[in-house]
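Peer 1: Residues 1 to 206 (the working numbering) are what the sequence shown spells out, left to right. We put the beta carbon where it would ideally sit given N, CA and C, even for glycine. Computed from a predicted model, the values in this text were never measured in an experiment.
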Amino acid sequence: MPRRQREATEAAIDLVEAALGDWCNEVREVPVEAKYKSKNLEAERRRRTKLNGKLLELRSLRWRCSQMSKESTLMDAISYIKELEQKKAELQMELAQIPDEDGGKQGSLSSTGMTTMTVPLEVVQLQGKVELSPIGVNKYHLGIIFKNKEGAFVKLLESLSKVGAEVTAVSSVAFSGFSETVLCIEVKDEERFSMAQLKQQLLSMV
Numbered sequence: 001m002p003r004r005q006r007e008a009t010e011a012a013i014d015l016v017e018a019a020l021g022d023w024c025n026e027v028r029e030v031p032v033e034a035k036y037k038s039k040n041l042e043a044e045r046r047r048r049t050k051l052n053g054k055l056l057e058l059r060s061l062r063w064r065c066s067q068m069s070k071e072s073t074l075m076d077a078i079s080y081i082k083e084l085e086q087k088k089a090e091l092q093m094e095l096a097q098i099p100d101e102d103g104g105k106q107g108s109l110s111s112t113g114m115t116t117m118t119v120p121l122e123v124v125q126l127q128g129k130v131e132l133s134p135i136g137v138n139k140y141h142l143g144i145i146f147k148n149k150e151g152a153f154v155k156l157l158e159s160l161s162k163v164g165a166e167v168t169a170v171s172s173v174a175f176s177g178f179s180e181t182v183l184c185i186e187v188k189d190e191e192r193f194s195m196a197q198l199k200q201q202l203l204s205m206v
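1) How close, in whole Å, do the beta carbons of Leu-132 and Leu-198 come, if the pair is a contact with beta carbons under 8 Å?
2) In the DSSP output, what is Gly-143 paired with across the bridge?
3) Select from Leu-91, Val-130, Leu-74 the residue whose C-alpha is nearest the C-alpha of Ala-196.
4) Starting from Val-170, follow its DSSP beta bridges and name the residues at the other end.
5) At which residues does the alpha helix (DSSP H) containing Ile-251 begin and terminate?
6) Starting from the Cα of Ser-194, find the closest Cα among Ser-159, Ala-174, Thr-181, Val-170 and give me that residue.
7) With a 10 Å radius around its C-beta and 16 neighbouring C-beta atoms as the bar for buried, classify Leu-74 as buried or exposed.
8) Enumerate in chain order the residues of its own chain whose CB-to-CB distance from Val-134 is below 7 Å, with the five nearest sequence positions on each side excluded.
9) Report all residues from its chain with a CB closer than 8 Å to the CB of Glu-190; omit the five preceding and five following residues, and keep chain order.
10) Count the other C-beta atoms from every protein chain shown that fall within 10 angstroms of the C-beta of Val-119, then say buried if there are 16 or more, exposed otherwise.
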């Protein structure tokens, strides 16, 4: 083959290969959206999914729903909460005006709008009451009413520990500055335990 013809053929082959290479690169090129995808896109999607789920839960309560838009749902919820707060305040005022058996008031409204209940007379009389009774082998039921003060419950546990008693269950209710605590205790060291001694310690504590 003549030299010129061979050179022309090689040049044509080079052009074809170059064109094919460019075309292959274009086909394999990653789309711009995927290449420059935001790192926070997935997080934003999760956030919106969670928000939409909360809105659906809010609508499912069926308290009020004027429209199905997000803005209307939130505004309806705010209005409903304000109505409930107003009803709560009205009920508290009605409760404060109801006379008790002694002819007085059950309570009065404080500056915060909360009802301050008076301490029942029977609770004051029961302050310092300690009840200790057996409920099984080495198991006892302890009921105690005492005035709320710092460290009172810790002292109660310390008194039980001194006589070798371990708390297995506890229930406590606080009201009007007093606490009523009920405990189930189990004696681990019978030689150290004395019902009379424990009751005396608790009475001195309350």
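Peer 2: The structure says:
1) Taking the Cβ atoms as the reference, Leu-132 lies roughly 7 Å from Leu-198, within the contact range of under 8 Å.
2) DSSP links Gly-143 through a beta bridge to Glu-131, Val-182.
3) Checked all of Leu-91, Val-130, Leu-74; the closest Cα to Ala-196 is Val-130.
4) For Val-170, the pairing in a beta bridge is given by DSSP as Leu-183.
5) Residue 251 is absent from the structure shown; the chain starts at 1 and stops at 206.
6) Among Ser-159, Ala-174, Thr-181, Val-170, the Cα nearest to that of Ser-194 is on Ser-159.
7) Residue environment: Leu-74 is assigned as exposed (fewer than 16 neighbouring CB atoms within 10 Å of its CB, all protein chains considered).
8) Residue identity check: residue 134 is Pro in the sequence provided, not Val. Result list for Pro-134: Tyr-140, in chain order.
9) Around Glu-190: Asn-138, Gly-164.
10) Note that Val-119 scores a pLDDT of 45, beneath 50, so its modelled location is shaky and nothing firm can be said.
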